[in-house]
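Encoded as C-alpha cells, the structure appears first; notes follow it.
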Amino acid sequence: MKAVITIVGRDAVGILARAAAVCARHNANIIDVTQTVMGEIFSMVMLADIEKLTCDISALSEEMQQAVADQGLVAHVMHEDIFNAMHRI
Amino acid sequence: MLNINEILETVQMIQDECLDIRTTTMGISLIDCADSDIDRSCRKVYDKITRLAEKLVATGEGIERKYGIPIINKRVAVTPIAMLAGVSGGDPVKYAHTLQRAADTIGVNFIGGYSALVQKGFSAGDLELIRSIPRAMAETDLLCSSVNIGSTKAGINMDAVALMGKIVKEAAELTAGRQSIGCAKLVVLCNAPEDNPFMAGAFHGVGEPDCVINVGVSGPGVVRAALRRAGPDVPVQQLADVVKKTAFKITRMGQLVGAEASEILGVPFGIIDLSLAPTPAVGDSVAHILEEMGLEKCGGPGTTACLALLNDAVKKGGVMASGRVGGLSGAFIPVSEDAGMMDAARAGALTLEKLEAMTSVCSVGLDMIMLPGDTTAETISGVIADEAAIGMVNQKTTAVRVIPAVGYRVGDELNFGGLLGGGPVMPVSRFSPEGLIRRGGYIPAPMQSLKN
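Structure (C-alpha cells):
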C-alpha cells in the first residue's frame, strides 16, 4: 500500500526535510522522491510505503499540510489507487 | 509505475479545476415498512433509514481523506412515499417529517423520494401525496419531491400535468417568504430513472435491491480546462476526443469511490451516473464548456450543437470506465446552479425557449429556472407538457423544475445560496395554454413505445 505525497508552492529552505520528518514520525517509508524548481515554484512528488503506518492516512495528510502551511505551500497525501484508477486501464 | 505528469494532472484537477465526486447516494427500499397504521409505518421508516445509512456520511468522509478527493454530497433516496401512503392512509406529511428527522439524524445533505409515479394514472395514495407536496416542501428543509407524469411506454397523463401546474404554484406560495424555495426541491419528470443519485429527482425504484449505493460524478471545470488546452483552432471532432478522455478519467475515480463505499458499508454498488453537474462556483460551469468550444455566449446559435457533442462524448468516455452506468448520465443545464448560465440569462442570450431546445439533446430538462411570480398554473402545466413530450418521443428523461417566485418580476434576482445558487427571473410566454390544460385526459404513447 503506497501513498503519493505532493507539495507545490514557492521554494524555500527545508521543505523536503519537513516532509521527510513527518513521514519518519509515522513510520512511512519513502521509496521515491522527485523534485524540481521551475523559476521560483517548488514542486515535489514523493512515493511512500504506508503498509506499517502508525497513524491513519488522514492524520498523515493533515500533519503534512500543517508542516508546510506556514511557508505557503500546499500538500496533498493521496492513496496511490486513485492515480492507478485514473491513468491505467 | 506512475509518472510525475499523471500525478500532477490529478492533483491539478482537484485543486484548480473543481474535480469532485458530486454525490454518493444510498438507495433504500421502504417496501417492508408499509403498515396500515401510519404512525407505525413512520417509525419503521425512521428505524430502517437510520440503521442502514448510519455510517454513510462517515464512510464518505473517510474515503475523501484517503484519496484526497472531495465528495460533496451524501444523500439518501427512498421508495416513492405514495406507495406507503397508499397502504397506510392518513396525512402523508407525517412521512415528510419522518424523512426530515431521519436525514437530520444521519447527517445527509438531502433525502429524496417524496414521490409518486402517475404516468398512466393515479393509484391509492398518489393523489393524497401529490396534494400534500406544497405543505411537505414548506415544512421540511432536506426533503426532495418528484412526480413522474409521463413515459415513452405510457404516454403523458394530462390530468397529472394540469394538477402539477397548480402544485408548483402552491409550493411557491407556501414558501413565498423564502423566495419560493419549496419549488427548488420539487421536480416533474417524464421517463424518470429509478436509480438516479441526483436531487431533486432521486427516488429508489421498485425494481432495485433492498439497499444500494449509487455515485454521481462531476467535473465541468476539468472538461473546460482540457478543452482550453486543446486550443481554439482544432477541428470539432478533436473536442469530442478531449471530452471523452477527460470523462473516462473522471468516471474511473467515481468507480473507485463507489466500489470502496460499497465494500465498507456492505451494500451492493448500483450505478455510476455519468453526469457533468455544475455548481455556482467559479470554474464549475457547463455553460463555460460550451463557450470554450467557440460560442460568444451560451444560448446563442450553435449552443444545441455544442451541447449534443458534449453530452454524447461524456457518455462515450464514461461508459468504458464503469461497470454499470445508469441514472441520468449526461450534461446538466440548471440555470441557477451554473455561473455561466446565470450570466447568459442576464445578458438575454439564454431564453426559456432555447433551454427547451437544449433539453432535447442533454440529460435532463428545464432545471432551476426562475419565472415571474404571476406565471399562471396553466402556463406551468403547458411548459411541463412540452418538456414531457420531448422526453416521451425521444425516449429520454426530461424534467421541469421551475420556480415561479412570488413577488418577483422579470429581471429581479433570486439568491438561494449553496448548491442551489441563484440568478435572474426569466420571461415566459404570455400566451395561455388554458384551453388545452382544461381538457384533461392523456396523450397516448407514441409509436416509439411499440418495440416488441
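For the protein sequence lines, the chains are A and B, in the order given.
The C-terminal residue of the first sequence carries number 94 in my numbering, and the numbering is unbroken.
The C-terminal residue of the second sequence carries number 616 in my numbering, and the numbering is unbroken.
Even for Gly, the Cβ is constructed at its ideal location relative to N, Cα and C.
Please read all numbers here as calculations on a predicted model, not as lab measurements.
- Query: Relative to chain B, which residues along the region 10-23 of chain A have a C-beta separation below 8 Å, given in chain order?
  - Reply: The region 10-23 of chain A vs chain B, Cβ under 8 Å: Thr-11 and Val-13.
- Using DSSP with H/G/I as helix, E/B as strand and the rest coil, what is Ile-185 (chain B)? Shown here, Ile-185 (chain B) sits in a strand according to DSSP, grouped into three states.
- Item | Enclosing beta strand (DSSP E) for Arg-510 (chain B) [first to last residue] | In the DSSP assignment, Arg-510 (chain B) falls outside any beta strand (DSSP E) and lies within the alpha helix (DSSP H) extending over 503-510.
- Given Asp-255 (chain B), which residues of its chain have a CB within under 6 Å of its CB, disregarding the five upstream and five downstream residues? If the five residues before and after Asp-255 (chain B) are omitted, its C-beta is found closer than 6 Å to no C-beta atom of its own chain.
- Item | Any chain A beta carbon closer than 8 Å to Ile-428 (chain B) | Answer no: the Cβ-Cβ gap between Ile-428 (chain B) and chain A never drops below 8 Å.
- Message: Can you confirm whether Val-175 (chain B), when its beta carbon is compared against all beta carbons of chain A, has any partner nearer than 8 Å?
- Response: Judged by the 8 Å Cβ criterion, Val-175 (chain B) is in contact with chain A.
- Query: So, is the C-beta of Lys-230 (chain B) closer than 8 Å to a C-beta in chain A?
  - Reply: So, interface residue.
- Where do the N-terminal and C-terminal ends of the beta strand (DSSP E) with Gly-14 (chain A) fall, by residue? For Gly-14 (chain A), the enclosing beta strand (DSSP E) begins and ends at 7-15.
- Task: Round the Cβ separation of Tyr-231 (chain B) and His-84 (chain A) to the nearest angstrom and send it over; I've been treating them as touching at under 8 Å.
- Result: Yes, they are in contact, since the Cβ atoms of Tyr-231 (chain B) and His-84 (chain A) sit about 5 Å apart, within 8 Å.
- Item | Alpha-carbon to alpha-carbon, Val-332 (chain B) and Glu-303 (chain B) | Looking at the two C-alpha atoms, the distance is approximately 15 Å.
- In the DSSP assignment, what are the bridge partners of Ile-35 (chain A)? Ile-35 (chain A) is bridged to A:Ala-53.
- Flag this pair as yes or no: are the beta carbons of Met-611 (chain B) and Ile-320 (chain B) separated by less than 8 Å? Contact: no.
- Message: Contact criterion: CB-CB distance below 8 Å. Does Met-69 (chain A) meet it with respect to chain B?
- Response: The C-beta of Met-69 (chain A) comes no closer than 8 Å to any C-beta of chain B.
- Item | Residues bridged to Asn-215 (chain B) (per DSSP) | Reading off the sequence shown, one finds Arg at residue 215 (chain B), where the question assumed Asn. Bridge partners of Arg-215 (chain B): none, in fact.
- Item | Proximal residues of chain B, C-beta to C-beta of Ala-90 (chain A) below 8 Å | Annotation: Cβ neighbours of Ala-90 (chain A) in chain B (cutoff 8 Å, chain order): Arg-416, Met-417, Gln-419 and Leu-420.
- Message: So with CB distances below 8 Å, who are the chain D contacts of Leu-166 (chain B)?
- Response: Structure shown: chain D not included; protein chains present are A and B.
- Item | Ile-233 (chain B): contacting residues in chain A (beta-carbon distance under 8 Å) | One finds Met-83 and Ile-87 in chain A with Cβ atoms closer than 8 Å to the Cβ of Ile-233 (chain B), taken in chain order.
- Inter-residue spacing [alpha-carbon to alpha-carbon] between Val-528 (chain B) and Ala-553 (chain B): Annotation: Val-528 (chain B) to Ala-553 (chain B) spans about 13 Å, alpha carbon to alpha carbon.
- Task: Can you give me the Cβ contacts of Thr-262 (chain B) inside the same chain, cut-off strictly under 6 Å, excluding the 5 residues immediately before and after it?
- Result: If we look at Thr-262 (chain B) and ignore the five residues flanking it on each side, its Cβ neighbours are Cys-206, Val-209 and Tyr-210.
- Query: Using a beta-carbon distance below 8 Å, is Val-73 (chain A) in contact with chain B?
  - Reply: Not a single CB atom of chain B sits nearer than 8 Å to the CB of Val-73 (chain A).
- Reduced DSSP secondary structure (H/G/I, E/B, other) of Leu-363 (chain B): In the sequence as displayed, the identity of residue 363 (chain B) is Met instead of Leu. Three-state result, Met-363 (chain B): coil.
- At which residues does the beta strand (DSSP E) containing Thr-562 (chain B) begin and terminate? 562-569 is the span of the beta strand (DSSP E), which, as asked, contains Thr-562 (chain B).
- Are the region 197-204 of chain B and the region 371-388 of chain B touching, with three or more C-beta to C-beta distances below 8 Å? The region 197-204 of chain B vs the region 371-388 of chain B: no contact.
- Query: Taking Cβ to Cβ, would you say Ala-425 (chain B) is nearer than 8 Å to Thr-223 (chain B)?
  - Reply: Thr-223 (chain B) is positioned such that its CB atom lies closer than 8 Å to that of Ala-425 (chain B).
- Can at least three beta-carbon pairs, one atom from the region 442-450 of chain B and one from the region 401-414 of chain B, be found at a separation below 8 Å? In this structure the region 442-450 of chain B does not touch the region 401-414 of chain B; the number of beta carbon pairs closer than 8 Å is below three.
- Give, in chain order, every residue of the region 29-44 of chain A whose Cβ lies closer than 8 Å to some Cβ of chain B. So the close ones are Thr-39.
- Message: Given a cut-off of 8 Å on the beta-carbon distance, is the pair Asn-355 (chain B) and Lys-560 (chain B) in contact?
- Response: Taking 8 Å as the Cβ cut-off, Asn-355 (chain B) and Lys-560 (chain B) qualify as a contacting pair.
- Task: Consider the Cβ of Val-27 (chain A): report whether some Cβ of chain B lies at a distance smaller than 8 Å.
- Result: Judged by the 8 Å Cβ criterion, Val-27 (chain A) is not in contact with chain B.
- Endpoints, the alpha helix (DSSP H) within which Cys-470 (chain B) is located: Residues 467-485.
- Task: Return the chain-ordered list of same chain residues with a C-beta closer than 8 Å to the C-beta of Thr-161 (chain B), the five sequence neighbours on each side being excluded.
- Result: In this structure chain B extends from 165 to 616, so residue 161 (chain B) is not present and cannot be described.
- What's the call for Lys-57 (chain A), buried or exposed, on a 16-neighbour Cβ count within 10 Å? Under this definition Lys-57 (chain A) is an exposed residue.
- Item | Closest by C-alpha distance to Thr-415 (chain B), when choosing among B:Ala-389, B:Leu-353 and B:Pro-384 | Closest by alpha carbon: B:Pro-384.
- Item | Buried/exposed call for Gln-343 (chain B), threshold 16 Cβ in 10 Å | Gln-343 (chain B) comes out buried.
- Query: Mind checking if Glu-170 (chain B) is an interface residue toward chain A, Cβ cutoff 8 Å exclusive?
  - Reply: Chain A, which has a Cβ nearer than 8 Å to the Cβ of Glu-170 (chain B), makes this yes.
- Query: Quick one, are the C-beta atoms of Ile-567 (chain B) and Cys-308 (chain B) less than 8 Å apart?
  - Reply: With contacts defined by Cβ atoms closer than 8 Å, Ile-567 (chain B) and Cys-308 (chain B) do not form a contacting pair.
- Message: Excluding the 5 residues flanking Leu-535 (chain B) on each side, which residues of the same chain have their C-beta closer than 6 Å to its C-beta?
- Response: Cβ within range, chain order: Val-566, Pro-568 and Val-592.
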